[in-house]
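**Student:** Got a structure for you, questions after.
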Amino acid sequence: MYQTSHCGYATNSGLERIASSYNSFASDRTCYSISSEPSFSYQEPISISNLAVRYSSEEIPKTYSNDKTTYQLFKTKPEYSFSPETFLKPGKEGVFVGKAEEIREDIENTFEKIFGSPFPNDIKVSILDEKEFKKITPSQGVIGLSINRGQYGLLSEIFVLNDTVGRVMLTIGHELGHVLTPTLKSAHDEEAKAYAFSLIWMRTIKENNICGLKEALIIENPALNGLHNVSFYFVHQQIDYGKDEWEIYREIIGNKVGVGVF
């Protein structure tokens, strides 16, 4: 299991740690079921349900967009960029990954080391080529997309554009940060939540040399040039205050801290 200085929760599983943070104020939210048989690839035509909030990782800033139903359950929110290059040494990103099955064990291994539990069977991960990826989002620069249906007891999905193993693994980690827990009301806080989990995911990869990326990852002092993201800076500000990634993640999903209004 992934260890941090926040050792007061060592006796619980990672999912229990998360659940304890938001169950007290979200009694209508659905817990995730755990299975040793997660789904990692599409075997059928892609169909996106409107009953979900969508998030995407991008190479360049765009705008948040949420699917809308005829009942207008969701409002449009601003979108923020996640750039895996920020945390990767140039030329160290690893081999090209074209299908999720190629790194299925690595995804499962990283998740299990963090939570001490198998990868959930209600989260589906797909790695798509450019043609298939554009069927989901035609926007330029998008490299990852997640659809969070967990709070409705439905399947959540993560789509990532095929690329090097470093870029793909980091993008998957960021999108997992969105779908593991119910979507927060604040778009800034939602993105901060995903960033905080990204750091947990990256540190686990680095400490266990998953996909041979130990020497490729830069976690402590990533290059922030050109990355104008209040949510990202908020997480690093919390780290500067002496908090670890787990503590920040739990406090964000528990509504104990937030980015605030900008």
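Per my numbering, the sequence shown runs over residues 802 to 1063. In this text, a Cβ means the ideal position worked out from N, Cα and C, and glycines have one as well.
I'd like the list of long-range same chain contacts for Asp-990, defined as Cβ closer than 7 Å, with 5 residues on each side in sequence excluded.
**Tutor:** If you number the sequence shown from 1, residue 990 lands on position 189. Counting only Cβ-Cβ distances below 7 Å, and skipping sequence neighbours, we find Ile-1053, Gly-1059 and Val-1060.
**Student:** Rounded to the nearest angstrom, what separates Asn-824 and Val-980 at their Cα positions?
**Tutor:** The residue given as residue 824 occupies position 23 in the sequence shown. The residue given as residue 980 occupies position 179 in the sequence shown. With a pLDDT of 42 at Asn-824, under the threshold of 50, the modelled position of that residue is not reliable, and the figure given next carries that caveat. So the alpha carbons of these two residues sit roughly 16 Å apart.
**Student:** Where in the segment 986 to 1038 do unbroken runs of the alpha helix (DSSP H), each at least 4 residues long, occur, reported from the N-terminal end onward?
**Tutor:** For the segment 986 to 1038, whole alpha helix (DSSP H) runs of length 4 or above, ordered along the chain, are 988 to 1008.
**Student:** Would you kindly work out how many angstroms separate the C-alpha atoms of Lys-1007 and Leu-1018, rounded to a whole number?
**Tutor:** By one-based count along the sequence shown, residue 1007 stands at place 206. By one-based count along the sequence shown, residue 1018 stands at place 217. Going from the Cα of Lys-1007 to the Cα of Leu-1018 covers about 7 Å.
**Student:** Kindly indicate which three-state DSSP category Phe-883 falls into: helix, strand or coil?
**Tutor:** Locating residue 883 in the sequence shown gives position 82, where the first residue counts as 1. Residue state, collapsed to three classes: coil.
**Student:** How about Lys-932 and Glu-958: do their beta carbons lie closer than 7 Å?
**Tutor:** Counting from 1 along the sequence shown, the entry for residue 932 is found at position 131. Counting from 1 along the sequence shown, the entry for residue 958 is found at position 157. No, the Cβ-Cβ distance between Lys-932 and Glu-958 is not below 7 Å.
**Student:** What does the alpha-carbon distance come out to for the pair Arg-1051 and Asn-963?
**Tutor:** Position 250 of the sequence shown holds residue 1051. Position 162 of the sequence shown holds residue 963. Using only the alpha carbons, I get a separation of about 31 Å.
**Student:** Using beta carbons (cut-off 7 Å, strictly below), is Phe-920 in contact with chain D?
**Tutor:** Given the protein chain composition of this structure (a single chain), no chain D is represented.
**Student:** Does the segment 960 to 976 come into contact with the segment 942 to 951, if we say contact requires no fewer than three beta-carbon pairs (one atom in each stretch) closer than 8 Å?
**Tutor:** Touching, per the Cβ criterion.
**Student:** Sorted by chain position, which residues of the same chain lie with C-beta nearer than 6 Å to Leu-1000's C-beta, five sequence neighbours on each side aside?
**Tutor:** In the sequence shown, the residue the question calls residue 1000 occupies position 199. Excluding sequence neighbours, Leu-1000 sits near Glu-1046.
**Student:** Taking Leu-929 as part of the beta strand (DSSP E), name the residues at either end of that continuous run.
**Tutor:** Along the sequence shown, one-based indexing puts residue 929 at 128. Per DSSP, Leu-929 belongs to the beta strand (DSSP E) from 924 to 929.
**Student:** Can you tell me whether DSSP reads Glu-894 as helix, strand or coil?
**Tutor:** Reading the sequence shown from its first residue, position 93 is the one you call residue 894. Reduced to three states, the DSSP call for Glu-894 is coil.
**Student:** Determine the direct distance from the alpha carbon of Arg-1004 to that of Glu-913, and round the result to whole angstroms.
**Tutor:** The sequence position of residue 913 within the sequence shown is 112, counting from 1. The sequence position of residue 1004 within the sequence shown is 203, counting from 1. So the alpha carbons of these two residues sit roughly 14 Å apart.
**Student:** Within the continuous alpha helix (DSSP H) that includes Leu-977, where are the two ends?
**Tutor:** For the purposes of this step, residue 977 is taken as the residue at position 176 of the sequence shown. Where Leu-977 is concerned, the enclosing alpha helix (DSSP H) stretches over 966 to 980.
**Student:** Please work out which residues of its chain come closer than 6 Å, Cβ to Cβ, to Gln-1039, disregarding the five sequence neighbours upstream and downstream, and give them in chain order.
**Tutor:** Position 238 of the sequence shown, counting from 1, holds the residue named residue 1039. Here the set comprises Ile-1049.
**Student:** Who does Leu-962 pair with in a DSSP beta bridge?
**Tutor:** Start at 1 with the first residue of the sequence shown, and residue 962 comes out as number 161. Per DSSP, Leu-929.
**Student:** Residues in its own chain within less than 7 Å of Leu-956 by CB, not counting five upstream and five downstream?
**Tutor:** Along the sequence shown, one-based indexing puts residue 956 at 155. Result list for Leu-956: Asp-923, Lys-925 and Arg-950, in chain order.
**Student:** Quick test of your reading: Glu-894 and Thr-982, contact by CB under 8 Å. State the CB separation rounded to the nearest angstrom.
**Tutor:** As a working note, residue 894 is residue 93 in the sequence shown. As a working note, residue 982 is residue 181 in the sequence shown. About 28 Å; that fails the 8 Å criterion.
**Student:** Given a cut-off of 7 Å on the beta-carbon distance, is the pair Leu-929 and Phe-960 in contact?
**Tutor:** As a position in the sequence shown, residue 929 is number 128, starting the count at 1. As a position in the sequence shown, residue 960 is number 159, starting the count at 1. Yes.
**Student:** Going by Cα to Cα distance, which pick from Leu-971, Phe-1035 and Asp-1041 is closest to Glu-886?
**Tutor:** Taking the first residue of the sequence shown as 1, we reach residue 886 at position 85. Closest option to Glu-886, Cα to Cα, is Leu-971.
**Student:** By the three-class DSSP mapping on this structure, what secondary structure does Gly-1043 have?
**Tutor:** Looking up residue 1043 in the sequence shown gives position 242. In the structure shown, Gly-1043 sits in coil (DSSP, three-state: anything other than H, G, I, E or B).
**Student:** Among Ala-995, Ser-940 and Gln-952, which residue has its Cα nearest to the Cα of Phe-1033?
**Tutor:** Translated into positions along the sequence shown, residue 1033 becomes position 232. For the residues Ala-995, Ser-940 and Gln-952, the minimum Cα distance to Phe-1033 belongs to Ala-995.
**Student:** List the endpoints of the continuous alpha helix (DSSP H) containing Ile-908.
**Tutor:** The residue given as residue 908 occupies position 107 in the sequence shown. Taken as a continuous stretch (DSSP letters only), the alpha helix (DSSP H) holding Ile-908 covers 905 to 916.
**Student:** Would Thr-911 and Ile-1020 be called neighbours here (beta carbons separated by less than 7 Å)?
**Tutor:** By 1-based counting over the sequence shown, the position of residue 911 is 110. By 1-based counting over the sequence shown, the position of residue 1020 is 219. In this structure, Ile-1020 does not lie closer than 7 Å to Thr-911 by Cβ.
**Student:** Report yes if the C-beta distance between Leu-889 and Gly-967 is below 7 Å; otherwise report no.
**Tutor:** Here residue 889 is taken as the residue at index 88 of the sequence shown, counted from 1. Here residue 967 is taken as the residue at index 166 of the sequence shown, counted from 1. Cβ atoms of Leu-889 and Gly-967: closer than 7 Å.
**Student:** Quick one, which of Glu-902, Phe-916 and Asp-1041 has its alpha-carbon nearest Trp-1002's?
**Tutor:** Along the sequence shown, read from residue 1 onward, the residue named residue 1002 stands at position 201. Considering only alpha carbons, the answer is Phe-916.
**Student:** With C-beta atoms as the reference, is Glu-903 less than 7 Å away from Phe-920?
**Tutor:** For this step, residue 903 is matched to residue 102 along the sequence shown. For this step, residue 920 is matched to residue 119 along the sequence shown. Their beta carbons are not under 7 Å apart, which means Glu-903 does not touch Phe-920 by this criterion.
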